[in-house]
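>
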Amino acid sequence: MAFNDAMGTDVAEVQDACRLAGLTRTYGKGAAMHHALADIDLSIAPNEFFTLLGPSGCGKTTLLRLIGGFDQPTGGQIVIFGRDVAGLPPEDRPVNTVFQHYALFPHLTVAQNIGFALRMLGRPKAESAATVARMVALVGLEGMEERKPDQLSGGQRQRVALARALAPSPKILLLDEPLSALDAKLRQRMRSELKALQRETGIAFVFVTHDQDEALAMSDRIAVMQGGRIQQIGRPEEIYETPANRFVADFIGGANLIPARNGPNGAEAAGLGVIPADGRPGEAVTLAIRPERLGLVAGPSRQAGDLGPLRVAERVYMGNELSFRLEGAEVPLHVTLPRGGLRGAQDFAPGDQVWLRPEPGALRVLTS
Ligand SMILES: Nc1ncnc2c1ncn2[C@@H]1O[C@H](COP(=O)(O)OP(=O)(O)OP(=O)(O)O)[C@@H](O)[C@H]1O
Ligand SMILES: [Mg+2]
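What follows is the structure in structure tokens.
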């Protein structure tokens with residue numbers, strides 16, 4: 000491939016599969032101009048499962064289209080395996096894409112669909128046949144080579160789309176919500192299949208989703224996006240346990256977000272008291288804590304550090320856990336307790352007076 004030749008052999012050190020610097024894409028002019036992407040900086044490792052996660056319209060597809068070469072940036076740089084790809088058409092980039100609305104060729108068989116790009120590239124027949132057989136085995140479609148797409152289930156069609164994208168041996172596979180057309184159960188199964196496929200191929204996957212569970216379950220790292228900007232990049236644990244700001248805390252997993260103000264002894268929150276914290280006095284902050292990292296105690300069991308008093312407004316039985324809504328702070332607070340677990344030893348009813356007991360280190364003070 001021309002791309003590999005151009006890279007030469009002197010690039011010995013491990014490179015990023017993809018590096019984006021100041022990448023920007025605007026639409027419109029003058030007052031009507033808006034940023035689909037603003038100043039994106041990130042690096043993706045050669046064998047990484049990297050996920051772009053964010054709400055509809057945050058710029059995920061735009062970013063993939065720029066990496067794939069289907070659209071041109073208005074600013075910034077895209078470097079793929081050490082090479083600036085500005086101006087390179089999609090077919091000259093070592094990248095392939097599985098689109099949001101993938102379309103198989105309905106008149107071609109599974110094997111012909113998977114081998115399509117290889118034929119276009121003019122690969123020798125025997126080599127192509129061997130690659131197709133390898134791809135069919137990789138996605139577990141043995142015995143279905145001669146079927147047409149309308150003789151396949153949704154999940155099988157999705158596997159054909161994946162095999163077709165992997166057949167020309169891209170070094171980076173871009174996947175734009177590839178599971179969104181599937182029902183919930185199949186989606187769940189395809190998650191592990193996709194993850195296994197990434198491990199087996201050893202290439203970089205850049206996976207787009209607006210489903211936080213999917214992102215947490217599959218990714219080596221996640222970039223959380225909003226409004227064309229990256230809000231945080233990190234491993235799933237980092238994003239979930241130490242969200243960088245209110246948006247991330249709220250978008251991933253849902254957190255209690257409590258308005259507070261830094262005072263002389265810590266952050267002061269109406270109805271909750273003072274929470275030890277560093278910070279500029281007078282600064283408005285947000286306390287963030289997950290519903291599952293709070294315990295509930297009644298008056299007689301109170302200890303220093305418990306927050307309250309609050310009142311139980313609602314108790315919802317959810318099978319494996321109990322969910323409580325509490326009133327008395329500036330915003331309603333949510334607590335989930337595992338049933339029968341250590342923390343869930345005591346139950347409460349609407350009207351009960353309770354105090355919150357945050358797990359050590361679970362309360363985060365956010366300044367943005
Ligand atoms: N051709 C275009 N002209 C003008 N604005 C566009 C164009 N394409 C995309 N946009 C805008 O750019 C922003 C990002 O769009 P993009 O398709 O990247 O979002 P997304 O994160 O993929 O959303 P979704 O989850 O709905 O697929 C949106 O505000 C969108 O309206
Ligand atoms: Mg999209």
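In terms of numbering that gives the first Met the number 0, the sequence shown opens at residue 0 and continues consecutively. By construction, the Cβ of each residue, glycine as well, lies at the ideal position given by its N, Cα and C atoms. Quick caveat, the model's predicted, so the values are computed rather than measured.
(1) Quick check: Arg356 and Val296, are their CB atoms within less than 8 Å of each other?
(2) In this structure, does DSSP put Gln197 in helix, strand or coil?
(3) Using only the alpha-carbon positions, how far apart do Ile66 and Ala20 sit?
(4) Using the beta-carbon count (16 or more within 10 Å), is Ile170 buried or exposed?
(5) DSSP puts His333 in a beta bridge; with which residues?
(6) As an exercise, report each continuous beta strand (DSSP E) stretch of at least 3 residues that is fully enclosed by the stretch 252-308, in chain order.
(7) Thr366: which of Pro359, Gly350, Glu282 sits nearest, CA to CA?
(8) With DSSP as the reference, identify every bridge partner of Glu313, one or two as the case may be.
(9) Hey, quick one: how far does the beta strand (DSSP E) through Asn46 stretch, first residue to last?
(10) Measuring straight from C-alpha to C-alpha, what distance separates Val353 and Pro263?
(11) Does DSSP put Gly343 in a helix, a strand or coil?
(12) How big is the Cα-Cα spacing for His100 and Arg64?
(13) Does the beta-carbon of Asn255 have 16 or more other beta-carbons within 10 angstroms, so that it is buried, or is it exposed?
(14) Looking at C-alpha atoms only, which residue of Val364, Ala348, Phe204 is the closest neighbour of Ala268?
(15) Give me the DSSP bridge partner(s) of Cys17.
(16) Would Ser127 and Gly114 qualify as a contact pair, given that the criterion is a beta-carbon distance under 8 Å?
(17) Can you tell me whether Met224 is buried or exposed? The criterion is at least 16 other CB atoms within 10 Å of its CB, across all chains shown.
The relevant details are as follows:
(1) As a working note, residue 356 is residue 357 in the sequence shown. As a working note, residue 296 is residue 297 in the sequence shown. Yes, the pair counts as a contact, with Cβ atoms nearer than the cut-off.
(2) Taking the first residue of the sequence shown as 1, we reach residue 197 at position 198. DSSP places Gln197 in helix when its eight states are reduced to three.
(3) Taking the sequence shown and counting its residues from 1, the one referred to as residue 66 is at position 67. Taking the sequence shown and counting its residues from 1, the one referred to as residue 20 is at position 21. Looking at the backbone, the Cα of Ile66 and that of Ala20 are separated by about 12 Å.
(4) Here residue 170 corresponds to residue number 171 of the sequence shown, with the count starting at 1. This sequence places Lys at residue 170; Ile is not what is there. So Lys170 counts as buried.
(5) For this step, residue 333 is matched to residue 334 along the sequence shown. Its beta-bridge partners are Arg324.
(6) Taken in chain order, the unbroken stretches of beta strand (DSSP E) that lie wholly in the stretch 252-308 and span 3 residues or more are 255-262, 265-268, 272-274, 283-288, 293-296.
(7) Here the question's residue 366 lines up with position 367 in the sequence shown. Closest option to Thr366, Cα to Cα, is Glu282.
(8) Residue 313 sits at position 314 when you count from the first residue of the sequence shown. According to DSSP, Glu313 bridges with Arg324.
(9) Along the sequence shown, read from residue 1 onward, the residue named residue 46 stands at position 47. Secondary structure note for Asn46: it is in no beta strand (DSSP E), with a DSSP letter that is neither H nor E.
(10) In the sequence shown, the residue the question calls residue 353 occupies position 354. In the sequence shown, the residue the question calls residue 263 occupies position 264. Between the C-alpha atoms of Val353 and Pro263 there is a straight-line separation of about 26 Å.
(11) Numbered from its first residue, the sequence shown carries residue 343 at position 344. Since pLDDT at Gly343 reaches only 48, below the 50 mark, its modelled position is unreliable, and no value is offered.
(12) Against the sequence shown, residue 100 aligns to sequence position 101. Against the sequence shown, residue 64 aligns to sequence position 65. Cα to Cα, the separation comes out at about 14 Å.
(13) As a working mapping, residue 255 is identified with position 256 in the sequence shown. A residue is called buried when at least 16 other Cβ atoms come within 10 angstroms of its Cβ; Asn255 meets this threshold and is buried.
(14) On the sequence shown, residue 268 is found 269 positions in, with the first residue counted as 1. Nearest C-alpha to Ala268: Val364.
(15) In the sequence shown, counting from the first residue as 1, residue 17 sits at position 18. The partner list for Cys17 (beta bridge, DSSP) reads Ile43, Ile79.
(16) Start at 1 with the first residue of the sequence shown, and residue 127 comes out as number 128. Start at 1 with the first residue of the sequence shown, and residue 114 comes out as number 115. Result yes, Cβ atoms of Ser127 and Gly114 sit closer than 8 Å.
(17) For the purposes of this step, residue 224 is identified with residue 225 of the sequence shown, where counting begins at 1. Met224 should be labelled buried.
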